[in-house]
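Visitor: Just dropping this structure here.
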Amino acid sequence: MFKGVAKSSPSRSSPSRGSPAKPSKSSTNELAVLISRMQTNADQVEKDILETQSRLKQDSSNHQKNKAFEFQTENARNLKEAETLLKDLFLDVDRAKRLRHPQAPEIEKDIQQLHDRVTQLCAEYRALYEQLNVPEVGPRVDWARILDQKMKQVNAGQYGPGMSELEKQIAEHNILQKEIEALVLNDPDFQHEDLNFLSRSQRYEQAIRKSSLMVMKLREYGIADPEEIYWFKRTCLGNYPEPLGLHFSMFHKTIETQTTAAQKEKWLPLVRGVKIIGTYAQTEMGHGTHLRGLETTATYDPSTQEFILNSPTVTSIKWWPGGLGKTSNHAIVLAQLYTQGQCKGLHAFIVPIRQLGTHEPLPGITVGDIGPKFGYDEMDNGYLKMDNFRIPRENMLMKYAQVEPDGTYVKPVSDKLTYGTMVFIRSLIVGDSARSLSRACTIAIRYSAVRHQSELKPGEPEPQILDYQTQQYKLFPLLATAYAFHFVGAYIKDTYHRISGDISTGDLTELPELHALTAGLKAFTSWTANAGIEECRMACGGHGYSRCSGIPDIYVTFTPSCTYEGENTVMMLQTARFLMKSYTQVTSGQQVTGMVSYLNDLSRQRIQPQHVAARTVTVRINDPSSLVEAYKSRAARLVESAAKNLQAELNHRRSKEDAWNRTSVDLVRASEAHCHYVIVKLFTAKLAEVGDAAVRAVLTELCLLYALFGISRNAGDFLQVSAFSRSPSLKAASLLANVLQMPGCMDVIPISSWL
889 MFKGVAKSSP SRSSPSRGSP AKPSKSSTNE LAVLISRMQT NADQVEKDIL ETQSRLKQDS
949 SNHQKNKAFE FQTENARNLK EAETLLKDLF LDVDRAKRLR HPQAPEIEKD IQQLHDRVTQ
1009 LCAEYRALYE QLNVPEVGPR VDWARILDQK MKQVNAGQYG PGMSELEKQI AEHNILQKEI
1069 EALVLNDPDF QHEDLNFLSR SQRYEQAIRK SSLMVMKLRE YGIADPEEIY WFKRTCLGNY
1129 PEPLGLHFSM FHKTIETQTT AAQKEKWLPL VRGVKIIGTY AQTEMGHGTH LRGLETTATY
1189 DPSTQEFILN SPTVTSIKWW PGGLGKTSNH AIVLAQLYTQ GQCKGLHAFI VPIRQLGTHE
1249 PLPGITVGDI GPKFGYDEMD NGYLKMDNFR IPRENMLMKY AQVEPDGTYV KPVSDKLTYG
1309 TMVFIRSLIV GDSARSLSRA CTIAIRYSAV RHQSELKPGE PEPQILDYQT QQYKLFPLLA
1369 TAYAFHFVGA YIKDTYHRIS GDISTGDLTE LPELHALTAG LKAFTSWTAN AGIEECRMAC
1429 GGHGYSRCSG IPDIYVTFTP SCTYEGENTV MMLQTARFLM KSYTQVTSGQ QVTGMVSYLN
1489 DLSRQRIQPQ HVAARTVTVR INDPSSLVEA YKSRAARLVE SAAKNLQAEL NHRRSKEDAW
1549 NRTSVDLVRA SEAHCHYVIV KLFTAKLAEV GDAAVRAVLT ELCLLYALFG ISRNAGDFLQ
1609 VSAFSRSPSL KAASLLANVL QMPGCMDVIP ISSWL
């Protein structure tokens, strides 16, 4: 392989005049072994290069013909082997230099040429297999024709008399969902091995392959509607995380909502066409939810009109962003902006982190995968360290705040303008809480319907475990909770889209409440769903512990949502700040609107503790609308109680921070009560929108079940408000037992669209 090396022993080379003394016998032998090993390794690298070149050519031809790749695994193995051998070759040639081999410089040139060829092949590999160059093709599916045809079929029928017939007919209305799912299920490209038997790296590799295919298929099939994209992605990826998840959510959304028109024109085509792959890098080793504590810096240099990004401490290293470890080549980085010697607070920047051609980290960038986690194997959570890394001034997201070429800082009209992306992502988590809990419920309830255990009466056949009231008590309230969260998630999503236009024009009237509501609901729903999924697992006995049941994967995939996008306790305290502000407005004579309007009643009718016997019945416990009033009274009492305790601490210690900390448990309880009220209120309001009597009857039972279960679990709170003439736990428990026996609970078990 080496052009400058003779086959004879290096000891036979004649030294030139003036050369160093003749090498010792031991060094000569060492050189002989060294050169032999280098020759063997170089020959293997050459073989790997030639094989990879040939196979890349064949797979490139397959790609052009829309055929599946044949040699991706083999090519990856060859390139990895070549890179490993090249490292050994560079180490060996350095040793040859130290041993004064006369042809070491020529050998080093040969090795460098091999390295350059392998680097080029790596770039070709990524361009073919990893860079998502979506083909510009027209849609192959005529959705309008399919929709028209299916609607005619559905409209020709009549609603059936029973729930089973009704459910079947309602399912037929999920027209596009079923057609889109069929596209994926019938596509051999999306067939995969059983994930339960794959390693972490294999799960990631499969996820990135399917994500890449998904992007191309979306364009190929002409699927552009967000709802259709959701069903397609969910069917492709089976509710597992995807390495491109943050690219399509936070990276895309942030660029879409926080950039100028010129920046949109530059970046959005690259993002939407997946010409670049991005992530959202906010969390650091030392800080996450506490944004003001983030330490990454972006210092403006007016002489070059560039920002210099640095990770000045170990705790400032970006840590945890999804897709950062291996997948992304760009990131939106949150950093403290310094200009003209002053810190202007946290701002967002578009930062390239890897070379587009080779996917190698750019100079000044240290990036990689953080390693195994509790779950989330498909996601390459990563770290990012920056050392004097420069980006153009235009890479700062400048829709609201700007830095002019001379370094002058133009502050935004309001700091709240950047809340949009956070609100959007938190609204998605509310919906995801419903979906994840519903999937666990579906598995556990169906298992309970076919699993037989023990005996209710001696000598009789073993009953289904779903016949036991204890099993019903575990699972049916969780099923009702899933429905409640579903309706709340839809409400939050619709509200966000309704006011997003107002936000973009600077109208922030409704944003503070939406920000507080999404923070609280994100925490409330994810906490509840997380505990509910675990309850479903335990309700399946030993089989629930098997990954093959599906529930463990649901749990480990969902549980991070209790932490990311805001740790839940902190989120509840954010909601509490809004509640305390609203309470202060009411006590000063102002009127508040929206979901906190119930606080207006406090100025007219104070909620005071009183003896249970002195109370009158004000709530009809079998009426959802009346139960809303009970939840409203509970929320008002806990908000007022927390506010009074906070004020007492302020009067005693005069430190806002210390008083807030000493009252934080009460504040979280107040936020939980507020969120609970909102959910019951929205679930109840949804009943009036359902036209079909049979469907409305079932949903009413579920709404009652959800509300009554909440009362039974928080009996002490409801006992302290003027809602019941005797302990609500007795009345709620009695009616709750009756609701569990209602046929509607069984009618909603076959929820195939949730799996």
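Going by my numbering, the sequence shown opens with residue 889, and the numbers climb by one from there. Where a beta carbon is used, it is the ideal one built from N, C-alpha and C, also for glycine. Source: prediction; values computed, not measured.
#1: Around the C-beta of residue 1519, are 16 or more other C-beta atoms found within 10 angstroms, so that it is buried, or is it exposed?
#2: Can you list, in chain order, the residues of its chain whose CB lies under 8 Å from that of residue 1605, leaving out five sequence neighbours each side?
#3: Who are the near neighbours of residue 1183 in its chain, counting only those whose CB is closer than 8 Å to its CB and skipping five residues on each side?
#4: Spatial neighbours of residue 1531 within its chain, please: C-beta separation below 7 Å, excluding the five flanking residues on both sides.
#5: Would you check if the stretch 1403-1414 and the stretch 1452-1462 touch, i.e. whether three or more CB-CB distances between them fall below 8 Å?
#6: Identify which residue in 1264, 995, 1558, 1159 has its Cα closest to the Cα of residue 1238.
#7: From the DSSP output, read off the bridge partner residues of residue 1172.
#8: Using the beta-carbon count (16 or more within 10 Å), is residue 1373 buried or exposed?
#9: Please report the distance separating the alpha-carbon of residue 1155 from that of residue 1588.
#10: For a test of the three-state rule: what should DSSP assign to residue 1227, helix, strand or coil?
#11: Who are the Cβ neighbours of residue 1551 in its own chain at under 7 Å, not counting the five residues just before and after it?
#12: Counting C-beta neighbours from all protein chains within 10 Å, is the total for residue 1377 16 or more, i.e. buried, or is it exposed?
#13: Looking at the unbroken beta strand (DSSP E) that takes in residue 1273, where does it start and where does it end?
#14: Apart from the five residues just before and just after residue 1584, which ones in its own chain have a Cβ nearer than 8 Å to its Cβ?
#15: By DSSP, does residue 1420 sit in helix, in strand, or in coil?
#16: Whole angstroms is fine: what's the gap from residue 956's alpha carbon to residue 1010's?
#17: For residue 1542, does the three-state DSSP call read helix, strand or coil?
#18: For residue 1269 versus residue 1209, is the C-beta spacing smaller than 8 Å?
#19: Looking only at its chain, what residues have a beta carbon closer than 7 Å to the beta carbon of residue 1261, apart from the 5 residues adjacent to it on each side?
#20: Does DSSP classify residue 1194 as helix, strand or coil?
#21: Does the Cβ-Cβ distance between residue 1485 and residue 1572 come in under 8 Å?
#22: Taking buried to mean at least 16 other C-beta atoms within 10 Å of its own C-beta, is residue 887 buried or exposed?
#23: Name the DSSP beta bridge partners of residue 1297, please?
#24: Can the beta-carbon of residue 1132 be found closer than 8 Å to that of residue 1215?
#25: I need the straight-line Cα distance from residue 1446 to residue 1317, nearest angstrom please.
#26: Any idea if residue 1105 is buried or exposed, counting beta-carbon neighbours within 10 angstroms, 16 or more meaning buried?
#27: For residue 967, I'd like the list of residues in its chain whose CB is within less than 8 Å of its CB, leaving aside the five on either flank, ordered along the chain.
#28: Just how far apart, CA to CA, sit residue 1312 and residue 1177?
#29: Can you tell me whether residue 1123 is helix, strand or coil according to DSSP?
#30: Could you give the DSSP three-state label for residue 1278: helix, strand or coil?
#31: If contacts are defined as beta-carbon pairs under 8 Å, then residue 1293 and residue 1193 qualify, I think. What distance do you get, rounded to the angstrom?
#32: Identify the continuous beta strand (DSSP E) that holds residue 1253 and give its terminal residues.
#33: Looking at C-beta atoms only, is the number of pairs between the stretch 965-982 and the stretch 919-936 that lie closer than 8 Å three or more?
Guide: Reading it off the structure:
#1: buried
#2: 1522, 1525, 1526, 1561
#3: Around residue 1183: 1172, 1174, 1175, 1199, 1200, 1201, 1203, 1204, 1224.
#4: 1468, 1471
#5: With the cut-off at 8 Å, the stretch 1452-1462 and the stretch 1403-1414 touch.
#6: 1159
#7: Answer by DSSP bridge pairing, in chain order: 1206.
#8: By the 10 Å Cβ count, residue 1373 comes out buried.
#9: Straight-line Cα distance between these residues: approximately 48 Å.
#10: strand
#11: Contacts found: 1530, 1533, 1534, 1537.
#12: buried
#13: 1270-1274
#14: For residue 1584, where only same-chain residues beyond five positions count, the Cβ hits under 8 Å are 1575, 1578.
#15: helix
#16: 20 Å
#17: coil
#18: yes
#19: 1269
#20: strand
#21: no
#22: In the structure as shown, the chain begins at 889 and stops at 1643. Residue 887 is therefore absent and cannot be evaluated.
#23: When beta bridges are read from the DSSP output, residue 1297 appears opposite 1291.
#24: Taking 8 Å as the Cβ cut-off, residue 1132 and residue 1215 qualify as a contacting pair.
#25: 10 Å
#26: By the neighbour-count criterion, in which 16 or more other beta carbons inside 10 Å mark a residue as buried, residue 1105 falls on the buried side.
#27: 936, 940, 1006, 1009, 1010, 1013
#28: When the Cα atoms are used, residue 1312 and residue 1177 turn out to be separated by approximately 16 Å.
#29: helix
#30: strand
#31: That pair is a contact at about 5 Å.
#32: 1253-1257
#33: yes
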